[in-house]
Structure formats: structure tokens, C-alpha cells
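Number of protein chains: 2
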Amino acid sequence: MAKAIPTSPLARPLPELTEIAGVKLGSVAAGIRYTGRDDLMMMEFTPGTTVAGVFTRNKCPAAPIDWSKAALAQGKARALLVNSGNANVFTGRAGVLATQVSAAAAARFTQCAATDVFLASTGVIGEKLPAEKIVDAMPKLYESLREDGWSAAARAIMTTDTFPKAAVREVRIGDTTVKLQGIAKGSGMIAPDMATMLGFVATDAALPNDVLQTLLHRGIETSFNAITVDSDTSTSDMVLLFATGKAGNPQVAHADDPALSEFAAALHDLLRELAILVVRDGEGATKMMTIRVTGGTSDESAKKIALAVGNSPLVKTAIAGEDANWGRIVMAVGKSGEAANRDTLSVAIGGTWIARMGAVVEGYDEAPVVAHMKEDEIDIQIDLGLANGHATIWTCDLTHGYIDINGSYRS
Amino acid sequence: MAKAIPTSPLARPLPELTEIAGVKLGSVAAGIRYTGRDDLMMMEFTPGTTVAGVFTRNKCPAAPIDWSKAALAQGKARALLVNSGNANVFTGRAGVLATQVSAAAAARFTQCAATDVFLASTGVIGEKLPAEKIVDAMPKLYESLREDGWSAAARAIMTTDTFPKAAVREVRIGDTTVKLQGIAKGSGMIAPDMATMLGFVATDAALPNDVLQTLLHRGIETSFNAITVDSDTSTSDMVLLFATGKAGNPQVAHADDPALSEFAAALHDLLRELAILVVRDGEGATKMMTIRVTGGTSDESAKKIALAVGNSPLVKTAIAGEDANWGRIVMAVGKSGEAANRDTLSVAIGGTWIARMGAVVEGYDEAPVVAHMKEDEIDIQIDLGLANGHATIWTCDLTHGYIDINGSYRS
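Just so you know, the protein sequences line up as chains S and A, in that order.
Count along the first sequence from 1, then add 160; that gives the number in our numbering.
Count along the second sequence from 1, then add 160; that gives the number in our numbering.
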């Protein structure tokens, strides 16, 4: 195991958490890999809870990714079971069996079909998940479920995250007040063999699962899908959104219903807050970067360019070194493969335009930029000068801490 | 400027260099950015010399890239002028002017058209290239030209490379012995603002420029285009191949002429040797990695997967830490976006198959792999089990040295 990692300098305290009617949570120490801490978390949802989900696009997905994708086809959820320490990835037939056994155990206590149980695992890749430990822990786990278990749950799903991550919102659908609350984990593929990013959000709103899925898809593209720590897509990424219906809001039939505008905005905002917390816990991070790209030929193209800049080791190391090295930003724009033109390209750091239309700004004064580089939130703005496509992504710097965390000896 | 960087532990001494009839080289200290060392290099070619070239695909190319691309349209070369310390990138109209002035100065001495002069610049991005220093240095530079100037030339084009790079071959075209000799520079975008990779190869063979261009294109794809240090494509990459014709070999009309088979193989081999020298001087490198991918749906797809593995910060840091972390290789294959199937995937390190067909090999003994990880040349083999596409790429590890080199303060 990796040595202890200090809490990220960009850490944020947990917000004041609430309860979501229809959701109970609990956690126990099942001894799957860690000792002396909870490593198995369960959420139980009231009957009739709808669910939406998005999953990793990695072609070597974890067994629980396959399981939860299949479960999502039903659109209903009664339970979620999450272990940390073992990702159940690249475990062949044994991995599939482990998902079946785990889901069946949770279903037995929840008195539901196994296909109403969602699964997530993160941790070591390639080692068999000891499902019997999960089965053995189930009675104590089920007993631990309570409505105010959110904070403990946020901690139980951590692998080598340095702080727990949660966000909460309250909005109205029609005249009904509804709540949204979510937890997340991840900071890249933190320590050797450790993978990944998870987000679980629950609301007491009553929403059909297809509406939920549409809202989640819309929200994810500019939140969890707009962050990067090290460009390495995990095999286990998953964000699930559960709606218990306990708030009793008026019925909503489609995602574009005006009654949902406040809810959709709050969901998006909450997803973004959780995603940014993951970046703030990025491996070895000392600075957070917001990269805004405008003037692209499409939003998609602008996002690819923003990610090329955010994933460039040369840009990330320059930021770590507090070096306003805008030439590297130009390089990264150019290497993205997307439409870009040197002679219409402009770059700003911390709101100061350094380069405009293919050359450095006449009389450019580096002083305000140098001052901005010393802060722990760095703003980079790129205008491509081509059309109206735009995108924003969030990432962190690349430091000695990253090398320490990921180069340490595993075997 | 960055602090002094120690010579790469993977450095190789210069081979015994030869002369290429029809080529004279020289270098001088023009004081463009560096002091106390040569920073301006010139090659003069005998009239009738043909030329082929490949250039960076970065969309924000250096001004000398634009110049040399235009010059290549003529297919003839009389001179090459290379400065280090300033890349003449993102310099707008001033940058274009600097290329015109520099080429004209070299043309005056060589008594040729300016469009017969090729240009290359590497170093800082975004600062105006002081072309007057190049003009002033030209008389002394021209005086320095000699047939055995190769070693000094290999040094003059270095920016923060830690060792000079050259390779030499001798082969036959028909009954005629011909020579090939090349120099290269680069190790990523080495120090803050420093860019890039250059390769210059000369032969005394007589070859039409279209044949030369075809041979160069074929050779480059599996040599310079198959290496990566940090995934950051420079704005100034350029490889030029000059043929003086002095060997007097029989005429060859097309690239597939059987008389060229030995020459084409030697050219490819020489390009690969130079490319691997660049990897061996990778920023902060302590280990070289060879990544072979087989079983892909196409060669192109296999190469993309090999590059996804070679560019993965998690794979690179694991190699630096001598950690046989094959789970990260699986992750990187899966994230490439290329056709891959977890259940037909196999991975070997140092010739030991660790994972086969979607799961770890039964009774896998890590000992030989752990031993291999301590060597400074690491072999990774990936079989996708889909079809017959294959590719090999070369890269290096990601270490604290990389952060030191690239995070140091520039301004």
C-alpha cells in the first residue's frame, strides 16, 4: 500500500448535510482490503425509487459496471452496495460471480429482486473480490442503515481520497420543495492500482426514470465529464441519481417541462460542485485550473481543446511552478487536432490577455499574471476566433506529489 | 533559464561519424539566447541536392515550419540554417520577416535562391527572433563550413538536450556504396518554453525528390512518429532528408525499385536509431519503454493503443517506481477509444504473460517481472486478440526529474 498522503491543500470541509426522505444509508468494516475503517457502504431506497446512471467509457470496464448498466435497464432501484479497496476489474468469470453473490445478499435483506440492487467497487485491479466478506458483513451493514448516514457513507467509499466529498441543494418543482444531496469519491487513479471516480446523488423528487436519465446526461457533460486529473480514464467510473418521490411534487412527464427548470439547474450545479471537489483532491494537486475556451467551431471541439490544454504535462508542470508559460498553452491548443488557427488565437491568464491574434500583446506587462500564478485557483482563457463553440473544464497541476503517490512500490 | 540538467542515465556516446560528399557544415555562437556555446548551425549542399521533409502537425506551427514547407515544394536544397534558443513561434508578422531575412542572408553566401534555403528554429516560444544577429554571424558561419563538421553541428542544435545525437549507415544501391548520416535533437519540450524535435539526415545517394519523400514518409511513421515523451506535440518538429547525388549510383525512378530495398531499410533503421536517442534523452527519463501491441483491428488502431499506454501518466509513474502495475496497462488500453475487448486482452511485461484473455494468469509468479522492472529498458507487450493489426512505440518513464525540469520558474 502507498504511504499516507497528506490532505489536499485544496480540500473543502463537508457542507451541512440533510436527509433525503426515502433513503437510508449505512457502512461497516468488512475487511476487504483496508483495516480499521469502513469499506462497505449501502443505501436502501423506498419502493418506487427511480434511477438514472452514467458509466465509464473505458473498454475494460469493471464487473460491477456491467452489473449496474444491466440493472439500469429496469429504471428502478431498491439498494446500492459499494465497496472500497478492490475494483473487481479484469477478474474474468470470478468477477461476474462476485457481483451476482453481492447483489443477491443485499436483495435478500432489502426483500427485492437482485436486479434492483446497484453495485460499485473501486480499488485494486486484477484481484478477485472476496464476495464472501460482503455476504458475511451484510447483517451488520443492514442494521446500520439510518436516514442521517450520509457523512459516514461519504467516508466509507473513499480509497485514497484525502477528504470526503458531498454537496446539497434545495429547490422547488411547482410549489413543492425538493432536496438533492450527493456524495463522490476519486482523485484520478490515486494510489497504485487504486481506481476511480464515483458519484451518488439522491433526491426526494418524484420523477420518471427517463426524465431523470435525460437530466443526468445533460448535467454530466459539463460537470463530471469536464474534469481531468491525469487523462487516465478509470475502469470503474459511475454516477447514479436516485429519486425516491417522497417529496410528492406534481407529476412531470418530460425533461423539458418548465416546472423542472430550477431542479435541472440545481442538479447541474450540484454535479459540478462534486466534480470540482474531485479535482480539488487531484493526486498531488496544489492548484486548481479553470480552462475556458471560446470561439471554437463547436462546443465539442472547444471542449477537446480545453482538455488538450488541461491534460498537457507541460502546461500542468508550468502551473505547478507558478510559471505563466503561455507558449505551452499555444502548443497544447495546436496539438489537439481540432480546428485552430495560430493567427486568430488569443490567450489570457487571470483575466490578462497575453497573446492576441497570433502574437504577443504589444507592451505586455507580466506583473499581474505573475501575481495571479501565486494563487491556488488559476484561470486560463483561450479564444480561438473561429466561431461560437465554447467549453469550460477543470483540472489541477502536476507536481512531485503526483510522482510520489503513483510511483511508490506496490508489489 | 532552467538550472543545469544532468546527462541522461540513458545517454549514448556519439558513433564514429563519417562525411557525406556534397555536404559541408559549420556552427558559430551568434548569441541569440545562449552564451558561451554555438547556437547557429548551417549545412551547405552541392547544387542538384534533392530534399524530402516531414513537419509538425501542430496547428500553431513555427514561422520556420511554414517557410521550410514552402521551400520543400521545389524539391531542391542548397542550404539549411538552424538556430537554437528561440523557436520563432507565435511571433506574427515579425516572425515571418525573420525567416525571410535569415534565408536571404544564407542565400547570399551560398549564391542560390532564398527558396533553396531551409530553416529551423527551436527554443523559447513567443519572443521575436533577432534575425539581425543571424545576419551578423553569417560571414563567420559560412567560413566555418567543412565536410567533417557533423559532431559540432549535432551540438549546436541542442537546446537543453543532455547529449548530442547522431547515427550513420552505409549500404548499396545497385553496385554503388552510399552513405547515410543524420543528427537529431529533442527530448520533449525540454525546459520551460524550449521546444522541440529536429532531425536532419543526409545521403550521398542520387535520388529524385519524390522518391526521397516517399521513403521518408514510410520511414517516419514507425520511427519519429512512434515515439513519445510527454504527449505534447511541439510547434517546431521537422525531419529533413537531403540527397547530394555524389555517390553516383545508377538512376532510380520510383521508391519501390528493388535496387532501393537495402537503402530504404537502412534509412528506416537510421531514423529509428535517432528517434530512440530522443527518447533516451526524454525529460527526466530513467527508463526506456518499448510497447508492442498485436492483435488490433488495424495497424493504426494498434498504434493509438500503444500511444495511450505510453502516454498514460499512471503507467509512466509506475515504471519509474519499478512497479509491475499491469492493471494500469489494462486501464490505458481501455481508455484509448480504440477497439478492444477486456475478455480477449493479454498483457506481458519483460516477456512474462501476466494476464491472458481477461483475467490474471493462474498461478502468476511476479518474481521474473519484478526483476525485469529493475532494468533500464522495459518491454511491454499487449495482445488485443481481435485481428492482425500491430505497432511498436518507444517512450520513457515519468519521474521527479520531469517535474524539476518543467516546473522551474521561467519568467
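Every residue, glycine too, gets a C-beta built ideally from N, C-alpha and C.
The structure presented is a predicted model; accordingly, all values stated were derived computationally and were not measured.
Three-state class that DSSP yields for residue i in the structure shown
{"i": "A266/A", "result": "helix"}
{"i": "V171/S", "result": "For clarity, residue 171/S is Ala in the given sequence; the question names Val instead. Three-state DSSP puts A171/S in coil, outside helix and strand."}
{"i": "A519/S", "result": "strand"}
{"i": "A355/S", "result": "With a pLDDT of 47 at A355/S, under the threshold of 50, the modelled position of that residue is not reliable, and no figure is offered here."}
{"i": "D308/S", "result": "coil"}
{"i": "A113/A", "result": "Residue 113/A is absent from the model: chain A starts at 161 and stops at 571."}
{"i": "V249/S", "result": "coil"}
{"i": "G342/S", "result": "strand"}
{"i": "L289/S", "result": "coil"}
{"i": "E330/S", "result": "strand"}
{"i": "M203/A", "result": "strand"}
{"i": "F384/S", "result": "helix"}
{"i": "M398/A", "result": "strand"}
{"i": "A362/S", "result": "strand"}
{"i": "K495/A", "result": "helix"}
{"i": "I465/S", "result": "helix"}
Cβ-based neighbour list, residue i, same chain, cut-off 7 Å, excluding 5 preceding and 5 following
{"i": "K300/A", "result": "V188"}
{"i": "T457/S", "result": "A499, L546, A547, G549"}
{"i": "P528/S", "result": "G510, T512"}
{"i": "A508/A", "result": "I514, Q541"}
{"i": "P290/A", "result": "I192"}
{"i": "F269/A", "result": "M298, Y302"}
{"i": "V521/S", "result": "W513, I514, A515"}
{"i": "L430/S", "result": "A327, R329, L340, G342, V361"}
Short CB-CB distance (under 9 Å) between residue i and chain A
{"i": "E287/S", "result": "yes"}
{"i": "G456/S", "result": "no"}
{"i": "K495/S", "result": "yes"}
{"i": "F384/S", "result": "no"}
{"i": "W486/S", "result": "yes"}
{"i": "S311/S", "result": "no"}
{"i": "K219/S", "result": "yes"}
{"i": "A274/S", "result": "no"}
{"i": "D525/S", "result": "no"}
{"i": "F250/S", "result": "yes"}
{"i": "T395/S", "result": "yes"}
{"i": "L474/S", "result": "yes"}
{"i": "V490/S", "result": "yes"}
Proximal residues to residue i (C-beta, below 6 Å), its chain only, five neighbours per side dropped
{"i": "S113/A", "result": "The structure shown does not extend to residue 113/A, since chain A is modelled only from 161 to 571, so the question has no answer here."}
{"i": "K406/A", "result": "A181, G182, D364"}
Own chain, CB closer than 8 Å to residue i, minus 5 neighbours either side, in chain order
{"i": "D321/S", "result": "K345, G346, S347, I350, D441"}
{"i": "S228/A", "result": "G213, F215, F278, L279, A280, M398, L400"}
Rounded Cβ spacing between residue i and residue j (contact assumed at less than 8 Å)
{"i": "L467/S", "j": "L427/S", "result": "The Cβ separation is near 23 Å, so there is no contact."}
{"i": "K236/A", "j": "V211/A", "result": "7 Å"}
{"i": "N566/A", "j": "L474/S", "result": "6 Å"}
{"i": "M201/A", "j": "I294/A", "result": "That belief does not hold up - the Cβ atoms of M201/A and I294/A are roughly 11 Å apart, past 8 Å."}
{"i": "R488/S", "j": "A480/S", "result": "That belief does not hold up - the Cβ atoms of R488/S and A480/S are roughly 12 Å apart, past 8 Å."}
{"i": "G186/S", "j": "F205/S", "result": "Their Cβ separation, rounded to whole angstroms, is 13 Å, which puts G186/S and F205/S out of contact at 8 Å."}
Within-9 Å CB hit, residue i to chain S
{"i": "M448/A", "result": "no"}
{"i": "S347/A", "result": "no"}
{"i": "I563/A", "result": "yes"}
{"i": "G567/A", "result": "yes"}
{"i": "S391/A", "result": "yes"}
{"i": "R502/A", "result": "yes"}
{"i": "R253/A", "result": "yes"}
{"i": "N471/A", "result": "yes"}
{"i": "E498/A", "result": "yes"}
{"i": "L505/A", "result": "yes"}
{"i": "T559/A", "result": "yes"}
{"i": "G481/A", "result": "yes"}
{"i": "G518/A", "result": "yes"}
Residues that DSSP places opposite residue i in a beta bridge
{"i": "Q541/S", "result": "R452/S, A508/S"}
{"i": "F423/S", "result": "F423/S is not bridged to any residue."}
{"i": "F278/S", "result": "L240/S"}
{"i": "L367/A", "result": "Answer is none; L367/A lacks a bridge partner."}
{"i": "T210/A", "result": "K236/A, A403/A"}
{"i": "V183/S", "result": "F205/S"}
{"i": "K229/A", "result": "Answer by DSSP bridge pairing: none, since K229/A is not bridged."}
{"i": "F215/S", "result": "M398/S"}
{"i": "K325/S", "result": "A344/S"}
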